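Notes follow once the structure below has been shown.
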Amino acid sequence: MIIENKDTFYTMRRHLISGGGPIFGLETGTLIYGAGKQILRSFRDFSLCMEPYITNSGNKIYYFGDLDYEGISIYEDLCGRFGREWVIEPFKAAYIAMTEKVLNTLTVQDSLDSGLCSLPGMKEKQSRRGGDLFFGYFEAAEQEKMKAVLLAGKYIPQECLTISDLPMRPGDYDGT
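The C-terminal residue of the sequence shown carries number 176 in full-length UniProt numbering, and the numbering is unbroken.
Following this line, the structure appears as structure tokens:
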């Protein structure tokens with residue numbers, strides 16, 4: 001699994017080292033710190049630097065980053081460059097958990113629009129291109145929530161998920 005940001009990488013690493021088990025139901029053997037866009041350069045050497053069991057063509061690589069245009073762009077660029085060689089998918093369960101956690105903190109009186117105001121603003125000059133490949137992994141209702149965040153000029157940092165959010169049973173994640 002490729003993790004975009006350092007804090008989340010260390011949170012998930014600590015979870016695995018402590019014997020915390022699956023991450024959102026997914027048995028995870030290897031975490032890779034993506035360092036944002038740097039993963040696009042460093043991934044070129046993935047098959048040369050990793051152990052053969054990690055680079056086995058039967059493995060899926062999951063990507064997890066912030067829910068913003070930049071994170072989506074990194075995922076889609078990674079697929080565009082390396083998708084013929086590797087199966088790379090968004091870590092769907094984590095994106096759903098992140099979105100639900102943030103949006104479920106809204107009170108009954110909050111509308112989605114007013115609740116979005118509490119989210120951090122997206123960094124300036126993010127390209128709003130693409131997203132079709134990324135969003136294609138999600139159901140329409142999930143897409144709608146995520147796109148509402150983006151269209152409001154907001155984003156959900158992956159750091160909103162803490163170590164206490166991680167333990168889940170293996171069957172909770174359906175792999176799609």
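Backbone N, C-alpha and C define an ideal beta-carbon position, used for all residues, glycine too. For clarity, every value in this text was computed on a predicted model and none was experimentally measured.
query	result
Of all the options Gly80, Asp68 and Thr30, which has the alpha carbon lying nearest to the alpha carbon of Met98?	Asp68
Does the separation of the CB atoms of Glu4 and Gln158 fall below 8 Å?	yes
So which of Lys60, Asp66, Gly136 and Phe134 has the shortest CA-CA distance to Phe9?	Asp66
Let me know the alpha helix (DSSP H) ranges lying completely inside the UniProt domain "Wadjet protein JetD C-terminal" (1–79), each 4 residues or longer, listed in chain order.	6–17, 38–42 and 46–49
Measure how close the beta-carbons of Ile156 and Leu119 come, nearest whole angstrom, since I'm counting them as under 8 Å.	7 Å
Just to confirm, is the Cβ distance from Ile23 to Ile74 under 8 Å?	no
Nearest CA to the CA of Cys79: which residue from Val102, Glu100 and Phe43?	Phe43
Less than 7 Å separating the Cβ of Thr8 from some heavy atom of the ligand PLP?	Absence of the ligand PLP is noted for the structure shown, with no ligands found whatsoever.
Closest to Leu133 by CA distance: which of Val87, Gly36 and Ala35 is it?	Val87
Given a cut-off of 8 Å on the beta-carbon distance, is the pair Leu31 and Arg14 in contact?	no
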